[in-house]
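Student: So that we are looking at the same thing, I have put the structure below in structure tokens.
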Amino acid sequence: MEILVLASSSQRRIELLRRLGADFIVIPPRITEKIYNDPAKTVLENAFSKASYALEYAPENSVIIGMDTVIFSRELGVIGKPATIDEANHILKLLRGKWHSVYTGAYVIEKNSLRYKSFIEETRVKMRNFSDEELTLYISSLEPLMKAGGYAIQGLGALLIETIVGDYYNVVGIPITRLYITLKKYFGVDLLREAVKKRVLGKTRTI
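According to my numbering, the sequence shown is numbered sequentially starting from 15.
Encoded structure:
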């Protein structure tokens, strides 16, 4: 039976995959994320680096998932994760009232055969024309720190968003449907079947 491995330090990704009922091992990748002018190149290269790192430590029969997410706008180019309040403030001011793209790149690698599949998902997001007061309040929550683009859409950052075109979960950090299809089609890992089986067995045990 295949063992699912998530090569990530992101609590958002870990929690999201757990919500699907998946059984998996987490291996936090110790890599330095790179940023290029090209968002597709950035997320794919970082996703590959994360999966490759976990490949060395993952058990046999593993299917390893590496992912990376960045924001891209015409004004700022590729945006990573702000480490300071000043960085977050600068980024969010430039994104305010405008569209930007959220790119997630994924590399899925089977350890035994070294077969792999990669993909990129893009979601378009428009920020509200929020006030300076709202921006100050949001940043004071410290939520923007170390979040791609300086906001967390599943948290208070949702209050800054006007419109989304595409996969909401891609903005959170995992394009769930695309990942599900990739795992099932190319690696024989059926997240839906396994989740339903767990729920049915769980209910049976409690009767």
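Virtual Cβ for every residue (Gly too), placed ideally from N, Cα, C.
Using only the alpha-carbon positions, how far apart do LYS159 and LEU174 sit?
Tutor: Here residue 159 is taken as the residue at index 145 of the sequence shown, counted from 1. Here residue 174 is taken as the residue at index 160 of the sequence shown, counted from 1. According to the sequence displayed, residue 159 carries Leu and not Lys. When rounded, the distance between both Cα atoms is 15 Å.
Student: Exposed or buried, ILE153, counting other C-beta atoms within 10 Å across all chains shown (16 or more means buried)?
Tutor: Residue 153 sits at position 139 when you count from the first residue of the sequence shown. With 16 or more Cβ atoms within 10 Å of its Cβ, ILE153 is classed as buried.
Student: Please tell me whether SER87 and HIS114 are closer than 7 Å, where the distance is taken between their beta carbons.
Tutor: What you label residue 87 is simply residue 73 of the sequence shown in a count that begins at 1. What you label residue 114 is simply residue 100 of the sequence shown in a count that begins at 1. The Cβ atoms of SER87 and HIS114 lie closer than 7 Å to each other.
Student: If we require 4 or more residues per run, which alpha helix (DSSP H) segments fall completely within the segment 162 to 187?
Tutor: Entirely contained in the segment 162 to 187, the alpha helix (DSSP H) runs reaching 4 residues are, in chain order, 182 to 186.
Student: Give the DSSP bridge partners of THR118, in chain order.
Tutor: Mapped onto the sequence shown, residue 118 falls at position 104. Its beta-bridge partners are THR83, GLU135.
Student: So LEU20 is in the beta strand (DSSP E); what residue range does that whole segment cover?
Tutor: Numbered from its first residue, the sequence shown carries residue 20 at position 6. Per DSSP, LEU20 belongs to the beta strand (DSSP E) from 17 to 21.
Student: Buried or exposed for THR191, going by 16 or more other Cβ atoms inside 10 Å?
Tutor: By 1-based counting over the sequence shown, the position of residue 191 is 177. Exposed is the call here.
Student: Pick helix, strand or coil for ILE78, following the three-state DSSP scheme.
Tutor: What you label residue 78 is simply residue 64 of the sequence shown in a count that begins at 1. Strand.
Student: Please work out which residues of its chain come closer than 6 Å, Cβ to Cβ, to LYS211, disregarding the five sequence neighbours upstream and downstream, and give them in chain order.
Tutor: For the purposes of this step, residue 211 is identified with residue 197 of the sequence shown, where counting begins at 1. Answer for LYS211: no residue qualifies.
Student: Is the separation between the beta-carbon of ILE28 and that of TYR71 shorter than 7 Å?
Tutor: Locating residue 28 in the sequence shown gives position 14, counting from the first residue. Locating residue 71 in the sequence shown gives position 57, counting from the first residue. Contact: no.
Student: Use the C-beta contact count for LYS48: other C-beta atoms within 10 angstroms, 16 or more gives buried, fewer gives exposed.
Tutor: The sequence position of residue 48 within the sequence shown is 34, counting from 1. Flag for LYS48 reads exposed.
Student: Give the DSSP-derived three-state secondary structure of TYR130 in the structure shown.
Tutor: Indexing the sequence shown from 1 puts residue 130 at position 116. DSSP places TYR130 in strand when its eight states are reduced to three.
Student: Quick one: is GLY202 buried, meaning 16 or more other Cβ sit within 10 Å of its Cβ, or exposed?
Tutor: Residue 202 sits at position 188 when you count from the first residue of the sequence shown. Exposed, since its Cβ has fewer than 16 Cβ neighbours within 10 Å.
Student: Along the chain, where does the alpha helix (DSSP H) that runs through VAL57 open and close?
Tutor: Taking the first residue of the sequence shown as position 1, residue 57 is located at position 43. Element bounds for VAL57: 53 to 71.
Student: Using a Cβ-Cβ cut-off of 7 Å (strictly less than) and excluding sequence neighbours within five positions of ALA21, which residues of its own chain qualify?
Tutor: Looking up residue 21 in the sequence shown gives position 7. ILE41, PRO43, LYS64, ALA65, TYR67, ALA68, ILE78, ILE79, GLY80, listed in sequence order.
Student: Helix, strand or coil: how does DSSP classify GLU124 here?
Tutor: The count along the sequence shown starts at 1 and reaches residue 124 at position 110. Reduced to three states, the DSSP call for GLU124 is strand.
Student: So, for ALA166: in the same chain, excluding its five sequence neighbours on each side, which residues have a beta-carbon less than 6 Å away from its beta-carbon?
Tutor: Locating residue 166 in the sequence shown gives position 152, counting from the first residue. For ALA166, where only same-chain residues beyond five positions count, the Cβ hits under 6 Å are GLU157.
Student: Please state whether the Cβ-Cβ distance between TYR223 and PHE62 is less than 7 Å.
Tutor: Residue 223 lies beyond the stretch modelled for the chain, which goes from 15 to 221, so this question has no answer here.
Student: On the DSSP bridge list, what partners appear for VAL92?
Tutor: As a first step, residue 92 is located in the sequence shown; it is residue number 78 there, counting from the start. Answer is PHE86, bridged to VAL92.
Student: With distances taken Cα to Cα, identify the nearest neighbour of GLY164 among THR83, ALA36, GLU59.
Tutor: Residue 164 sits at position 150 when you count from the first residue of the sequence shown. Of the candidates THR83, ALA36, GLU59, the residue whose Cα lies closest to the Cα of GLY164 is THR83.
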